[in-house]
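**Q** A single structure is presented below for examination.
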Amino acid sequence: MMLRDFFVCNDRESGASVLQRGGMKLRQITGNKLLVRALKEEGVDTIFGYPGACTIDISDELYKQDDIKVILPRHEQALVHEADAYARTTGKVGVCLVTSGPGATNLVTGLATANYDSVPLVCFTGQVARHLIGNDAFQEVDIVGITRSITKYGVTVRNREDLGRIIKEAFYIARTGRPGPVLIDLPKDVMCELGSADYPDSVNIRGYKPNTSVHMGQLKRALKMLKKAKRPLFLAGGGVNIARANKIFTEVVNKTNVPVVTTIMGRGAVPTSHPLYIGNLGMHGQYAANMAVSECDLLFSIGTRFNDRITGKLHAFAPKAQIVHIDIDTASISRNIHVHVPIVADALEAVTKMNEYVEKCETEEWLEQIRSWKEEHPLTMKDRGNMSPMDIIQEMNRQFDDAIITTDVGQHQMFVTQYAEINEKKQLVTSGGLGTMGYGFPAAIGAKIGNPDKTVITVSGDGGMQMNIQEFATAVLEELPLILCVFNNEYLGMVRQWQKLFYGKRYGMTNLRSGALYRRTNGEEMPEYTPDFVKLAESYGAKGIRVMKKEDIAAAFEEAKKNTKTPTLIEFIIDPEEMVYPMIQPGGTLEEMIMDC
Amino acid sequence: MDNTMKKRWISLYVENQVGVLSKISGLFSGKSYNLDSLTVGTTEDPTVSRMTIATVSDDETFEQIKKQLNRMIEVIKVIDFTDIFVRMKEILYVKVFKCSPADKVEVFQIAETFKAKVIDYGRDSVLVEFVQTATKNDAVVKLMKEEFKSIEVVRGGSVGIESISMMER
Chain A
32 MMLRDFFVCN DRESGASVLQ RGGMKLRQIT GNKLLVRALK EEGVDTIFGY PGACTIDISD
92 ELYKQDDIKV ILPRHEQALV HEADAYARTT GKVGVCLVTS GPGATNLVTG LATANYDSVP
152 LVCFTGQVAR HLIGNDAFQE VDIVGITRSI TKYGVTVRNR EDLGRIIKEA FYIARTGRPG
212 PVLIDLPKDV MCELGSADYP DSVNIRGYKP NTSVHMGQLK RALKMLKKAK RPLFLAGGGV
272 NIARANKIFT EVVNKTNVPV VTTIMGRGAV PTSHPLYIGN LGMHGQYAAN MAVSECDLLF
332 SIGTRFNDRI TGKLHAFAPK AQIVHIDIDT ASISRNIHVH VPIVADALEA VTKMNEYVEK
392 CETEEWLEQI RSWKEEHPLT MKDRGNMSPM DIIQEMNRQF DDAIITTDVG QHQMFVTQYA
452 EINEKKQLVT SGGLGTMGYG FPAAIGAKIG NPDKTVITVS GDGGMQMNIQ EFATAVLEEL
512 PLILCVFNNE YLGMVRQWQK LFYGKRYGMT NLRSGALYRR TNGEEMPEYT PDFVKLAESY
572 GAKGIRVMKK EDIAAAFEEA KKNTKTPTLI EFIIDPEEMV YPMIQPGGTL EEMIMDC
Chain G
127 MDNTMKKRWI SLYVENQVGV LSKISGLFSG KSYNLDSLTV GTTEDPTVSR MTIATVSDDE
187 TFEQIKKQLN RMIEVIKVID FTDIFVRMKE ILYVKVFKCS PADKVEVFQI AETFKAKVID
247 YGRDSVLVEF VQTATKNDAV VKLMKEEFKS IEVVRGGSVG IESISMMER
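Take a look at the structure:
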């Protein structure tokens, strides 16, 4: 980005100055140096950064050291998604560094994505010098104001002496309680000012005391209800995965013999092949899962906020059930759904305590009922004679048993959440809350950088893939052997699905081939592909494979596995008529599912 | 849970920092909560500000408002003023223009009745200061609008503090 108002930091070659004060030696360093020091103290080994005038001094400090790896993506939106997936797959805090103005505003979508899915991020944004703030200076925006409602916390550092404390607090706030993104805005002159070299080692924020214990009285009450229930059901949300409570939760499920449904974000709370796992609930949930929610008499939910996509029509949600709700965020409890037993707790804490007390429940009859629902409408796609998304994902299940799967948003995402096996060794990374197109590819990059030994696969559509396609450069130059599956149906498939079902097949704005050329030639003189994903991959130095037939799926994955230094894009040509079923009509109830038609 | 819309009050202790007011008011607009009035000022501790917020909402929404406020990093404490004994007053200025001599007499009578002060006086205008509950101020504004042709109103919003003895508002 253009450098204007460029002034070099008042930082001598030594990088520090020593002030004599009353005989005591005080080492003074610039804010830029303190920032890098703070990152090291916080154990940060990787940051995702894009430079600019207001952060050039920080880039310079990072250049002078080797402990922190700096990744240079090709767009700040991709940058923040990469940090996000890095955080989701490592459990560490993701760190972003971008410049002021457009660098900062490009974070917005990624911050909202991380905020909805409770991902710990600390994002540093450059800011113009303090005397310029409010002057409509070049590349000045009020980024703290812009992001106020989509961050857990945001602050502008107005005094050099507050810098250390603010960074310390930011990391603490981001990773504790319900995790979330924190934004720190760094005016250039503050960062160049000399000040204390100290980085605090403790935090005390009077307005922020995250809950760390479980109310045992409430929990025992809930467990008593669980024991008494005739048709009990666990509902696991993303909180179980974020708290890394999957393993103990699975033990609880084994001990109680109570069946489990999950949200999309909760997928993997128990291995998807577990006999007591029914499936996802909600708009594209499994028939048996939605029926189980509608018929259960106790819904024992952990770490979910009862988003509208899982509840359907609110008054008809779990109409026969008493509801227990464990959540770290008080504000998530009894917001959408009236809860009978609220428990504010971290999922891991709660599940660990549950594991001490739970007993086997009498669920045989109930499980029999669920089995018959599963048989009545098993989760499957009709064989239309061509390659279906299910075929591809099932092949993926067969070939990879240690993998991270990221997705974009749309039909392909729903297919992955329906068919991909998720367990201790296979993690799903997806934008569940905000539904951010363009998330999948950068997320794969972030995941791979955080987990170099794991296979990282992304499943994307031809729409979403093009929303951050520039990241091919990052992936190639970082030598990341990602497997990028593009389900190409030439349409924005999920919206098309709604148009097909509810809008009389009027495919407005969803045909990715439409335009003047299409109108002029009636679709008859079209280039074969727009874009040609295979050639596109090759132009970046990556590998590209196109698969048209079911029989070629396995070979394509085999081929991709052999390419260990660059990404492999596999484009699967999919029939646009493939639909995601079951589906609940928007605003409908869980029981009114549209099955394959 | 009560579904009827009621007026409720919250007192908030918040960090006295740039952007906190904006964050609190942004919560109300962003989540479509009603915000009837909001006052803010520093306390005996200059790092802490205190707000008094009035809102009209049902029980469920009000619970959610309190939870959302509580989870903000900058909010130190949330006190629900709805069902506790508090002292709460609002300042109201009413300027009456184009007063005839008879109008002036009436303004003075109203001021006396409501224990208000006439604090300024001109050839054909009068300025009155009311310090009383917001509900009473509502009544005064309504009355003055009916009685006089031209008035100007400025209100401060309620400020409240927990009472020492068990006094009503």
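Chains as they are written, first to last, in the working numbering: chain A, 32 to 628; chain G, 127 to 295. Yeah, the Cβ is synthetic: ideal placement off N, Cα and C, and Gly gets one too.
Tell me whether residue 270(G) sits in a helix, a strand or coil according to DSSP, three-state version.
**A** Position 144 of the second sequence holds residue 270(G). Looking at residue 270(G) - three-state DSSP - the assignment turns out to be helix.
**Q** Is the region 486-496 of chain A touching the region 156-168 of chain A, taking contact as three or more C-beta pairs under 8 Å?
**A** Judged by Cβ distances under 8 Å, the region 486-496 of chain A makes no contact with the region 156-168 of chain A, as fewer than three pairs qualify.
**Q** CB-CB under 7 Å to residue 196(A), same chain, minus the five flanking residues each way: which ones, in chain order?
**A** Here the question's residue 196(A) lines up with position 165 in the first sequence. Closer than 7 Å at the Cβ level, and outside the excluded window around residue 196(A), lie 231.
**Q** Would you grab the beta carbon distance between residue 354(A) and residue 378(A) for me? Rounded to a whole angstrom, and I think it's under 8 Å.
**A** To locate residue 354(A), count along the first sequence from 1; it is residue 323. To locate residue 378(A), count along the first sequence from 1; it is residue 347. With a Cβ gap of about 16 Å, residue 354(A) and residue 378(A) do not count as contacting.
**Q** Run the CB neighbour count on residue 446(A), radius 10 Å, all protein chains shown included, and call it buried at 16 or more, exposed below.
**A** Start at 1 with the first residue of the first sequence, and residue 446(A) comes out as number 415. Buried: at least 16 other Cβ atoms inside 10 Å.
**Q** Taking its Cβ as the centre, do 16 or more other Cβ atoms sit within 10 Å of residue 558(A), making it buried, or is it exposed?
**A** Along the first sequence, one-based indexing puts residue 558(A) at 527. The residue in question, residue 558(A), is exposed, as its Cβ has fewer than 16 Cβ neighbours within 10 Å.
**Q** Which residues in the same chain have their Cβ closer than 7 Å to the Cβ of residue 571(A), if we skip the five residues on either side of it in sequence?
**A** The sequence position of residue 571(A) within the first sequence is 540, counting from 1. Cβ within range, chain order: 503, 504 and 507.
**Q** How many Å lie between residue 287(G) and residue 213(G) at the Cα?
**A** By one-based count along the second sequence, residue 287(G) stands at place 161. By one-based count along the second sequence, residue 213(G) stands at place 87. Those two C-alpha atoms are separated by around 5 Å.
**Q** Once you ignore the five residues that flank residue 599(A) on each side, which residues in its own chain have a CB closer than 6 Å to its CB?
**A** Start at 1 with the first residue of the first sequence, and residue 599(A) comes out as number 568. Hits under 6 Å: 514, 574 and 591.
**Q** Do residue 607(A) and residue 527(A) have their C-beta atoms within less than 8 Å of each other?
**A** Position 576 of the first sequence, counted from the first residue, corresponds to residue 607(A). Position 496 of the first sequence, counted from the first residue, corresponds to residue 527(A). For residue 607(A) and residue 527(A), yes; Cβs fall inside 8 Å.
**Q** Less than 8 Å between the beta carbons of residue 374(A) and residue 337(A), yes or no?
**A** For the purposes of this step, residue 374(A) is identified with residue 343 of the first sequence, where counting begins at 1. For the purposes of this step, residue 337(A) is identified with residue 306 of the first sequence, where counting begins at 1. Against a cut-off of 8 Å, the Cβ pair of residue 337(A) and residue 374(A) comes out as no contact.
**Q** Checking the sheet assignment: what are the DSSP bridge partners for residue 135(G)?
**A** As a position in the second sequence, residue 135(G) is number 9, starting the count at 1. Residue 135(G) pairs with 180(G).
**Q** Apply the 10 Å Cβ neighbour rule to residue 432(A) and answer buried if 16 or more other Cβ atoms are within range, or exposed otherwise.
**A** Along the first sequence, read from residue 1 onward, the residue named residue 432(A) stands at position 401. The residue in question, residue 432(A), is exposed, as its Cβ has fewer than 16 Cβ neighbours within 10 Å.
**Q** From the DSSP secondary-structure annotation, give me the bridge partner or partners of residue 311(A).
**A** Residue 311(A) sits at position 280 when you count from the first residue of the first sequence. Answer is 293(A), bridged to residue 311(A).
**Q** With a Cβ-Cβ cutoff of 8 Å, do residue 94(A) and residue 130(A) count as a contact?
**A** On the first sequence, position 63 is the one that residue 94(A) refers to. On the first sequence, position 99 is the one that residue 130(A) refers to. Cβ distance not < 8 Å, so residue 94(A) and residue 130(A) don't count as in contact.
**Q** So, is the C-beta of residue 193(G) closer than 8 Å to a C-beta in chain A?
**A** Counted from its first residue, the second sequence places residue 193(G) at position 67. Judged by the 8 Å Cβ criterion, residue 193(G) is in contact with chain A.
**Q** Look up residue 519(A) in the DSSP assignment and say whether it is helix, strand or coil.
**A** As a working note, residue 519(A) is residue 488 in the first sequence. Here residue 519(A) sits in strand by DSSP.
**Q** Which residues mark the beginning and the end of the beta strand (DSSP E) in which residue 332(A) is found?
**A** Locating residue 332(A) in the first sequence gives position 301, counting from the first residue. From DSSP, the beta strand (DSSP E) with residue 332(A) extends over 329-333.
**Q** Per DSSP, residue 356(A) forms a beta bridge with which residues?
**A** Translated into positions along the first sequence, residue 356(A) becomes position 325. DSSP, once it has assigned bridges, lists 332(A) and 373(A) as partnering residue 356(A).
**Q** Against chain G, does residue 175(A) count as a neighbour if the rule is that its beta carbon must be under 8 Å from one of theirs?
**A** Your numbering for residue 175(A) matches position 144 in the first sequence. Answer yes: the Cβ-Cβ gap between residue 175(A) and chain G drops below 8 Å somewhere.
**Q** Is residue 151(A) closer than 8 Å to residue 201(A) when the C-beta atoms are compared?
**A** For the purposes of this step, residue 201(A) is taken as the residue at position 170 of the first sequence. For the purposes of this step, residue 151(A) is taken as the residue at position 120 of the first sequence. Contact flag unset, no.
**Q** Quick test of your reading: residue 186(A) and residue 218(A), contact by CB under 8 Å. State the CB separation rounded to the nearest angstrom.
**A** Along the first sequence, read from residue 1 onward, the residue named residue 186(A) stands at position 155. Along the first sequence, read from residue 1 onward, the residue named residue 218(A) stands at position 187. Not quite, the Cβ-Cβ distance comes to about 12 Å (not below 8 Å), so this is no contact.
**Q** Using a Cβ-Cβ cutoff of 8 Å, what residues of the region 170-198 of chain G are near chain D? List them in chain order.
**A** Included in the structure are the protein chains A and G, with no chain D among them.
**Q** Hey, does residue 204(A) have any beta-carbon neighbour from chain G nearer than 8 Å?
**A** In the first sequence, counting from the first residue as 1, residue 204(A) sits at position 173. Judged by the 8 Å Cβ criterion, residue 204(A) is in contact with chain G.
**Q** Provide the residue(s) that pair with residue 418(A) in DSSP beta bridges, ordered along the chain.
**A** For the purposes of this step, residue 418(A) is identified with residue 387 of the first sequence, where counting begins at 1. Per DSSP, none; premise fails for residue 418(A).
**Q** Which first and last residues belong to the alpha helix (DSSP H) in which residue 325(A) is found?
**A** Within the first sequence, residue 325(A) is the residue found at index 294, counting from 1. Its alpha helix (DSSP H) spans residues 318-326.
**Q** Can you tell me whether residue 455(A) is buried or exposed, with buried defined as 16 or more other CB within 10 angstroms of its CB?
**A** Indexing the first sequence from 1 puts residue 455(A) at position 424. Exposed.
**Q** Leaving out the 5 sequence neighbours to the left and right, which residues in its chain are closer than 6 Å to residue 276(G) when beta-carbon positions are compared?
**A** Looking up residue 276(G) in the second sequence gives position 150. Correct list, in chain order: 223 and 224.
**Q** Whole angstroms is fine: what's the gap from residue 412(A)'s alpha carbon to residue 137(G)'s?
**A** Here residue 412(A) is taken as the residue at index 381 of the first sequence, counted from 1. Here residue 137(G) is taken as the residue at index 11 of the second sequence, counted from 1. Each residue's alpha carbon lies about 56 Å from the other.
**Q** Near residue 301(A), which residues of its chain fall below 6 Å by C-beta distance, leaving aside the five closest residues on each side in sequence?
**A** On the first sequence, residue 301(A) is found 270 positions in, with the first residue counted as 1. For residue 301(A), where only same-chain residues beyond five positions count, the Cβ hits under 6 Å are 281, 284, 291 and 308.
**Q** Would you please state the rounded distance, in angstroms, between the beta carbons of residue 372(A) and residue 253(A)? I believe it to be under 8 Å.
**A** Stepping through the first sequence from its first residue, residue 372(A) is reached at position 341. Stepping through the first sequence from its first residue, residue 253(A) is reached at position 222. Rounded, the Cβ-Cβ distance is 5 Å, consistent with contact.
**Q** Name, in chain order, the residues that DSSP records as bridge partners for residue 214(G).
**A** The residue given as residue 214(G) occupies position 88 in the second sequence. DSSP lists 286(G) as partners of residue 214(G).
**Q** Taking Cβ positions, are residue 335(A) and residue 294(A) nearer each other than 8 Å?
**A** Here the question's residue 335(A) lines up with position 304 in the first sequence. Here the question's residue 294(A) lines up with position 263 in the first sequence. Cβ atoms of residue 335(A) and residue 294(A): closer than 8 Å.
**Q** Could you confirm whether any beta carbon from chain A is found closer than 8 Å to the beta carbon of residue 204(G)?
**A** Counting from one through the second sequence, the residue named residue 204(G) turns up at place 78. Judged by the 8 Å Cβ criterion, residue 204(G) is not in contact with chain A.
**Q** Consult DSSP for residue 85(A) and reduce its assignment to one of helix, strand or coil.
**A** Locating residue 85(A) in the first sequence gives position 54, counting from the first residue. Three-state result, residue 85(A): helix.
**Q** Could you tell me whether any Cβ in chain G is nearer than 8 Å to the Cβ of residue 44(A)?
**A** As a first step, residue 44(A) is located in the first sequence; it is residue number 13 there, counting from the start. Caution applies to residue 44(A), whose pLDDT of 44 falls short of 50 and renders its modelled position unreliable; the value that the coordinates give is listed next. No, residue 44(A) does not count as interfacial toward chain G.
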